[in-house]
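Student: In the working numbering, the protein residues as written are 55 to 223. Glycine is no exception: its CB is placed at the ideal position from the N, C-alpha and C atoms. In this text, all values refer to a predicted model and were calculated from it rather than measured experimentally.
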Amino acid sequence: MSNEQVICENCGKPNAAHEGYCFACGNILPAGMQAIATRGLSNESTLKPQLRWGTAYFGDQMILRMHVRGANEWVEKHFSEECVLGRTASSDGCIDLTEFGAVDLGVSREHAKLTRQSATIMVQDLGSTNGTYLNGQKLLPYQPRVLRNEDELSLGELVLRVSFMRSPR
């Protein structure tokens, strides 16, 4: 394996030359743009993704689990399309963080949105007053970023550790 690196044009972070997507921002890298012929697989049913730290894979039978820093509780959500994180309990696709001190910690009513895209989850700030941070990097409003297992998501000063868990069903 080569030690060559390519710099992401979007965020400026170095990535391995063979990677298709930037590890920091999810931007497509030159290796991801190359047209490569797809070979047929003999038995696709034996190929199962392995869940590991940092993976972006979020399968159909998975649950999003968020640990709120400073609280001894987890928030769990199984969703198929999208959900909004904030202080609003009115919409069905919303995770209400009010009980965790969201008002005092600067969480907007509709702070950030998680959107399912194929087998990944994208996160985007919804123009919140105090910003959304993914692993310490501020998100630009309405610019989706890939969410990975064990990422740290900060809504204002409310910090969530995100885990992807297999559903017990």
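1. What residue from Asn81, Cys76, Leu180 and Thr109 has the CA that sits closest to Glu204's CA?
2. On the CB-based measure, 16 or more other CB atoms within 10 Å of its CB, does Ile149 come out buried or exposed?
3. Enumerate in chain order the residues of its own chain whose CB-to-CB distance from Ala70 is below 7 Å, with the five nearest sequence positions on each side excluded.
4. To the nearest angstrom, report how far apart Cys65 and Arg220 are at their CA atoms.
5. I'd like to confirm the pairing. Which residues does DSSP put opposite Ala70 in its beta bridges?
6. Taking only three categories from DSSP, how would you classify Asp114?
7. Report yes if the C-beta distance between Leu159 and Val177 is below 9 Å; otherwise report no.
8. With which residues is Ser217 paired in a DSSP beta bridge?
9. Quick check: the segment 124-137 against the segment 153-173, are there 3 or more CB pairs under 8 Å?
10. Please tell me whether, using a cut-off of 8 Å, the distance from the CB of Pro195 to the nearest non-hydrogen atom of the ligand COA is below it.
11. Verify whether the separation of the beta carbon atoms of Gly185 and Gly210 is less than 9 Å.
12. For Ile90, which residues from the same chain have a beta carbon less than 8 Å from its beta carbon, with the 5 sequence-adjacent residues on both sides left out?
Tutor: The answer reads as follows:
1. Thr109
2. buried
3. Gln59
4. 32 Å
5. Gln59
6. coil
7. no
8. Arg119
9. yes
10. For the structure depicted, the ligand COA is absent and the ligand set is empty, with no information on it obtainable.
11. yes
12. Caution applies to Ile90, whose pLDDT of 44 falls short of 50 and renders its modelled position unreliable; the value that the coordinates give is listed next. Nothing meets the Cβ criterion.
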